[in-house]
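The block underneath contains the structure these notes are about, expressed in structure tokens.
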Amino acid sequence: MALPTLRIIGFILGIFLITLAISMVIPMLTLWSFERNDDIQAFIWGSLITMGCGIALVAPGRPANAQLRPRDMYFLTTLSWLTVCCFAALPMMLIHHISYADAFFETMSGITTTGATILVGLDHASPGLLMWRSLLHWLGGIGFIGMAVAILPLLRVGGMRLFQTESSDWSEKVMPRSHMAAKYFVAIYVFFTLLATLAFWLAGMSPFDAINHAMSSVATGGFSTSDASLGKFSPASHWIAVIFMILGSLPFALYVATLRGHTNALVKDQQVRGFLRILLLTSLLFTLWYWLKHDDDLLDSLRVVTFSVVSVVTTTGFAVVDYNQWGGFAVMIFFYLMFLGGCSGSTTGGLKIFRFQVAYALLWASLKQMVHPRAVIRQQYNGHNLDEEIVRSILTFSFFFTTTIALLALCLAMLGLDFITALTAAASAVCNLGPGLGPIIGPVGNYASLPETAKWLLSLGMLLGRLEIITVLVVLTPAFWRH
Numbered sequence: 001m002a003l004p005t006l007r008i009i010g011f012i013l014g015i016f017l018i019t020l021a022i023s024m025v026i027p028m029l030t031l032w033s034f035e036r037n038d039d040i041q042a043f044i045w046g047s048l049i050t051m052g053c054g055i056a057l058v059a060p061g062r063p064a065n066a067q068l069r070p071r072d073m074y075f076l077t078t079l080s081w082l083t084v085c086c087f088a089a090l091p092m093m094l095i096h097h098i099s100y101a102d103a104f105f106e107t108m109s110g111i112t113t114t115g116a117t118i119l120v121g122l123d124h125a126s127p128g129l130l131m132w133r134s135l136l137h138w139l140g141g142i143g144f145i146g147m148a149v150a151i152l153p154l155l156r157v158g159g160m161r162l163f164q165t166e167s168s169d170w171s172e173k174v175m176p177r178s179h180m181a182a183k184y185f186v187a188i189y190v191f192f193t194l195l196a197t198l199a200f201w202l203a204g205m206s207p208f209d210a211i212n213h214a215m216s217s218v219a220t221g222g223f224s225t226s227d228a229s230l231g232k233f234s235p236a237s238h239w240i241a242v243i244f245m246i247l248g249s250l251p252f253a254l255y256v257a258t259l260r261g262h263t264n265a266l267v268k269d270q271q272v273r274g275f276l277r278i279l280l281l282t283s284l285l286f287t288l289w290y291w292l293k294h295d296d297d298l299l300d301s302l303r304v305v306t307f308s309v310v311s312v313v314t315t316t317g318f319a320v321v322d323y324n325q326w327g328g329f330a331v332m333i334f335f336y337l338m339f340l341g342g343c344s345g346s347t348t349g350g351l352k353i354f355r356f357q358v359a360y361a362l363l364w365a366s367l368k369q370m371v372h373p374r375a376v377i378r379q380q381y382n383g384h385n386l387d388e389e390i391v392r393s394i395l396t397f398s399f400f401f402t403t404t405i406a407l408l409a410l411c412l413a414m415l416g417l418d419f420i421t422a423l424t425a426a427a428s429a430v431c432n433l434g435p436g437l438g439p440i441i442g443p444v445g446n447y448a449s450l451p452e453t454a455k456w457l458l459s460l461g462m463l464l465g466r467l468e469i470i471t472v473l474v475v476l477t478p479a480f481w482r483h
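Mapping of the sequence shown onto UniProt numbering: position 430 corresponds to residue 430, and the numbering continues sequentially without gaps.
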């Protein structure tokens, strides 16, 4: 890779680090408001180290005539997430005096909006630390993406190209200029966060709990301020979380299209309709099954089941009950649901709904072709023809997605983890869900007892899942590094 290219990549990474250092002021202010001055030093040192490294990368300046090629964007995307996680872990180490593996795992889980945690005693944890975890969710959900889309065009780098390397969104650009699109993305994101904060506060949460859960809900992350997750709070807060988990799971490009006058953009989108149908039908049928098997009130059953289904499908990972206790059938249903994910171009993980819809369209077209061999079957999705490139990318991603989970689960099993823990931990990491299944990492458990090697492997799985695998794999190929 040429020196000018490395210099501009370093310059962009420096901007990310400076932004991260400035973001550490928020938990500092939180600690000051709670009069917890003992933990402020951890964020001061973390901010100073991060700021110093950021300034060192920015100081040489941007090469005048340097341009990033499309292949360089994949390297920049992967390196930026790794770099941010490395520095964002510093305050966690300094506050809890935990190993760097634990701090990196928690940070990667936050920035990838996975929600898996190694921390216990959250009800009495440092408010600055809790705010930092939620803020990492918020930044990872779309904050850093929006900033990249806004800044990179100013550096003559295709901001929308970076956005596409971090998501499966292959829809048309919603704005004529990428930095204008970023303003809309971030504005909508901030509006949802403020609205969720107000709603949680009105539902009985303290302002601190409200802002933390608002950031986690909109980013579909799952970090909470309590070991009991949202089970600690009122039933009204559960329904509020359901609403904002769903809002965070819809394509932000369609929100922008709605603001630009296309009022039916969300309603007409095939992916959105399919996603909402799956949530509705699964919640109603599952509620009926749960109500018949338990003595709970019907409305309580609807609330608990709907919350659990939405939390898993949107890969948020909040919990109000331990659904491991519902029996083998329920556990198997939740295992299947964790692969679905939300819509393309949202903050969620998983396979994404559109891939299942396209696979169904291809299967139906193949069956028609077998019945009518001479017929010309048009393969369409959302009003667009399914060309070979789209089909190839979906098949390639789906193959590597399942292969990654299988290999990661095998590696975890070699470290001594039982079958359920190894398989669901791998699936949860790559799907960016958070909790797995079983007594160790289930909805009421955590990842603290896992060996450090397992935490490093799961951190890699979270990164692969967030960047949709191919972005990272292409950087690891020998062909990528040839001149």
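By construction, the Cβ of each residue, glycine as well, lies at the ideal position given by its N, Cα and C atoms. Here the structure is a predicted model, which means the values were calculated and not measured.
Asked, Found
"My output table needs one value for ARG466: the three-state DSSP class, helix, strand or coil.", "helix"
"Under three-state DSSP, which class holds GLN379?", "coil"
"In this structure, what does DSSP give as the bridge partners for HIS384?", "TYR381"
"Is SER109 helix, strand or coil by DSSP?", "helix"
"Whole alpha helix (DSSP H) runs in the region 8 to 86 with 4 or more residues, listed along the chain?", "25 to 33, 40 to 58"
"Compute the Euclidean distance between the alpha carbons of ASP123 and ALA21, then round it to the nearest angstrom.", "26 Å"
"My guess is that residue 484 and THR421 are in contact by the Cβ rule of under 8 Å, so how many angstroms apart are they, rounded?", "Because residue 484 is not part of the residues shown, which for the chain are 1 to 483, the question remains open."
"Between which two residues does the alpha helix (DSSP H) holding THR258 run?", "252 to 259"
"In three-state DSSP terms, what is PHE124?", "The identity of residue 124 in the sequence shown is His, whereas the question assumes Phe. Helix."
"Flag this pair as yes or no: are the beta carbons of GLY54 and ILE8 separated by less than 8 Å?", "no"
"Determine whether the beta carbon atoms of VAL430 and ILE405 lie at a separation below 8 Å.", "yes"
"Less than 8 Å between the beta carbons of ALA88 and ILE111, yes or no?", "yes"
"Determine the DSSP secondary structure at LEU367, reduced to helix, strand or coil.", "helix"
"Would you mind listing the alpha helix (DSSP H) stretches within the region 322 to 373 that are 4+ residues and don't spill past its ends, in chain order?", "328 to 337, 353 to 371"
"Which same chain residues, not among the five before or five after residue 486, have their C-beta less than 7 Å away from its C-beta?", "In the structure as shown, the chain begins at 1 and stops at 483. Residue 486 is therefore absent and cannot be evaluated."
"So, for GLY342: in the same chain, excluding its five sequence neighbours on each side, which residues have a beta-carbon less than 6 Å away from its beta-carbon?", "SER249, THR314, THR348"
"Does DSSP put ILE98 in a helix, a strand or coil?", "coil"
"Expressed to the nearest angstrom, what Euclidean distance is found between the alpha-carbon atoms of ASP209 and THR225?", "7 Å"
"Pairing CB atoms from the region 397 to 412 with CB atoms from the region 461 to 470, are three or more of them under 8 Å?", "yes"
"Between the C-alpha atoms of THR471 and PRO60, what's the straight-line distance to the nearest angstrom?", "28 Å"
"Distance, Cα to Cα, THR477 vs GLY10?", "22 Å"
"From MET160 to GLY416, what does the alpha carbon distance come to, in whole angstroms?", "With a pLDDT of only 44 at MET160, under 50, the local geometry of the prediction cannot be trusted, and the value read off the model is given with reservation. Cα to Cα, MET160 sits roughly 43 Å from GLY416."
"Please specify which runs of the alpha helix (DSSP H), each continuous and at least 4 residues long, are wholly inside the region 253 to 324, giving them in chain order.", "265 to 268, 270 to 293, 298 to 313"
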